[in-house]
Amino acid sequence: MISPDTLRQKYLDFFKSKNHAVISGKSLIPENDPTVLFTTAGMHPLVPYLLGEAHPAGKRLVNYQKCIRTGDIDEVGDASHLTCFEMLGNWSLGDYFKKESIAYSWEFLVSDKWLALDPKKLSVTVFMGDENAPKDEESAACWRNIGIPEEKIAWLPASDNWWAAGPTGPCGPDTEIFYWVGEGMPPAASNKGNDPDSWMEIWNNVFMEYNRIDAKTLVKLPMQNVDTGMGLERTITILNGKKSVYDTESFKPIIAALEAISGIAYGSDKDKDKDKDLSFRIIADHVRSAVMILGDPKGVVPSNVGAGYVLRRLIRRAMRHGRKLAMEGSFLRKPAEAVIAILSSAYPELEDNSQKIMEELAREEAKFLE
Ligand code: SER
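First residue of the sequence shown? That's -6 in my numbering, and the numbers climb one at a time after it.
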C-alpha cells in the first residue's frame, strides 16, 4: 500500500534529486486571471514564467497543486474522472526539454527506488502533427531509446496530444503516459489508440514551445519549456492495484461515512446497484470539491455568480444524489469531516478553516431543503 502522502513526498524527493526547487502550490482561485474560475492545472500559476519571466526559484521546479475541473463533470463517477484532483508537476523553464523530461518520468515510474511499476503495463501517446506543428518524432525517438516497443507508441491528433490551458497562452504537443487497467497483461499490440478503455492516463508531459496569441496566430516562444502533470489519485489507484479512484484511501472514508448515514452498502458490483453506486461516487467527489473550495484561503462561498455558483451547484448536485440514497435531510457534515481528515496533512488550510467549511455547508443545505 502506498498512501497519497507518500506519493507526494516521493515525487518531490525524486525531482529534488534532479535539481528541481520545490515551490508551494497556489490557491484554487487564480490570481490575476479573470478568464478562468479555478486553477485547473499545476501550470496555471506558472503562466508568466512559461512565457519568459524569470522565476525566483530557478528554471527547474516541482510541486503539488490542488485543481478543480468541472468540464468533465458528466464523467465523474467512472473509474478516473474527478472535479477536484491533485496534480504532481515538474517544470523546465527553458532548461531541459523532451529527452530529459521523458527519461525522468520513466525513471520515476519504473525504477525500484521510486514507483517500481511494471514497464510492460505502460504505453504512451505522441502528437501526430497537423497544420500548427510537425509530427513529434523527437518524443517518439526518446521513448524508443528508453525501450518502449513501437506498438506501445500511439500517434494521436491534437484533440489528444496538444495541451493548452486556455484559448490563448503557452501550449504545445504533449506525450501522455498510460497504465494498463484491463485484465491480466496487455496484449503486445494494445495501446491507447487501438484499445482506449483499457488504459488509464497517469501523466502528461507537455512541451510548451508555442504561444497562442489568438485563434489564428501561433508563435514560437523564446524558450522551450516542459510542463508535466501526474494525476495523484489515478497514480495511487494503479499503484495499489485498484480499478477506480473511489476504491482508494482518498475516497473510502468518505464513502464509508455516506454508508453509515444512509444505511446502504456501496460497491455490490451488481447491475441493479449501478445507479446507487454512481450516486455514492458523485456525492463523494462533489463533497470533496466543495470542502476544498470552501477551505481555500481565497474564501469563496456559495452564490449565484462565478466560482461561488459552481460551488453551489456541486453542493446541490451532491444533495440531489443523496436523495437517491434515501438521505432526505442534511448529511454533508460527516463526509466533509472525512475529507478534511484525509487531506489536511497536505492542505493544512482545511483544518484551519474547518469551522467555516461546516457552517457554509450547513447553510447551503438548509437553503436547498427550504
Ligand atoms: N498542463 C498539463 C495538464 O494539465 C500538464 O501538467 O495535463
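Where is the CB? At the ideal position from N, CA and C, for every residue including glycine.
Item                                                                                                                                                                                          : Value
Measuring CB to CB, does T230 end up less than 8 Å from W196?                                                                                                                                 : no
Find the nearest neighbour of Y259 within the set K265, A253 and D270, judged by alpha-carbon distance.                                                                                       : D270
If I measure Cβ to Cβ from P166 and keep anything under 7 Å in the same chain, skipping five residues before and after, which residues do I get?                                              : F120, A126, D129, N154, W155 and F200
For my contact list, I308 and P295 are in at a C-beta cut-off of 8 Å; report their separation, rounded to the angstrom.                                                                       : 6 Å
Reducing DSSP to helix, strand and coil, say where S152 ends up.                                                                                                                              : helix
Report yes or no: do the segment 277 to 284 and the segment 304 to 318 share at least 3 C-beta pairs separated by less than 8 Å?                                                              : yes
Out of I(-5), G35, H74 and Y97, point me to the one whose CA is closest to K9's CA.                                                                                                           : Y97
Mind reading off the beta-carbon distance from T32 to I61? Whole number of angstroms is fine, and I expect it under 8 Å.                                                                      : 7 Å
Among A329, N198 and I206, which has the Cα closest to the Cα of N346?                                                                                                                        : A329
If you draw a straight line from the C-alpha of A359 to the C-alpha of K235, how long is it?                                                                                                  : 37 Å
For the segment 185 to 195 against the segment 203 to 214, do three or more pairs of beta-carbon atoms, one drawn from each stretch, fall closer than 8 Å, so that the two count as touching? : no
Is it true that the CB of A14 sits closer than 8 Å to the CB of L54?                                                                                                                          : yes
In the DSSP assignment, the beta strand (DSSP E) including N346 goes from what residue to what residue?                                                                                       : It is not in any beta strand (DSSP E) - N346 carries neither H nor E in the DSSP assignment.
Given G365, which residues of its chain have a CB within under 7 Å of its CB, disregarding the five upstream and five downstream residues?                                                    : With the chain covering only -6 through 363, there is no way to say anything about residue 365.
Cα separation between I335 and L86?                                                                                                                                                           : 33 Å
Check whether the Cβ atoms of V40 and P215 lie closer than 8 Å to each other.                                                                                                                 : no
Ignore the nearest five residues each way along the sequence and tell me which others in R1's own chain have a CB closer than 8 Å to its CB.                                                  : Y57, E79, L81, L225 and A339
For the ligand SER, I want to know if G129 counts as a neighbour, meaning its beta carbon is within less than 7 Å of at least one of the ligand's heavy atoms.                                : This sequence places Asp at residue 129; Gly is not what is there. D129: no, Cβ never under 7 Å from the ligand SER.
How is F78 classed by DSSP in three states: helix, strand or coil?                                                                                                                            : strand
Pop quiz: K185 and S132 are said to be a contact at Cβ under 8 Å. What is the actual Cβ separation, rounded to whole angstroms?                                                               : With a Cβ gap of about 14 Å, K185 and S132 do not count as contacting.
Can you tell me where the alpha helix (DSSP H) with S132 in it begins and where it stops?                                                                                                     : E130 to I139
State the CB to CB distance for the pair V298 and S94, rounded to an integer number of angstroms; the pair is presumed to be in contact (CB under 8 Å).                                       : Not confirmed; about 39 Å, so no contact.
Helix, strand or coil: which one does DSSP assign to I248?                                                                                                                                    : helix
Would you check if the distance between the CB atom of L362 and the CB atom of S323 is smaller than 8 Å?                                                                                      : yes
Among residues of its own chain, excluding the 5 on either side of A147, which ones have a beta-carbon nearer than 6 Å to its beta-carbon?                                                    : T118, N184, K185 and G186
With I257 and L325 assumed to form a contact (beta carbons below 8 Å), what rounded beta-carbon distance in angstroms separates them?                                                         : Contact flag wrong, Cβ pair sits at about 16 Å.
Between which two residues does the alpha helix (DSSP H) containing G396 stretch?                                                                                                             : Beyond the ends of the chain as shown, which are -6 and 363, falls residue 396; an answer cannot be given.
With DSSP collapsed to three states, give me the class of W99.                                                                                                                                : helix
Name the DSSP bridge partner or partners of D220?                                                                                                                                             : W84 and V199
Look at the Cβ atom of E344, then the Cβ atom of I333, and state whether they are nearer than 8 Å.                                                                                            : yes
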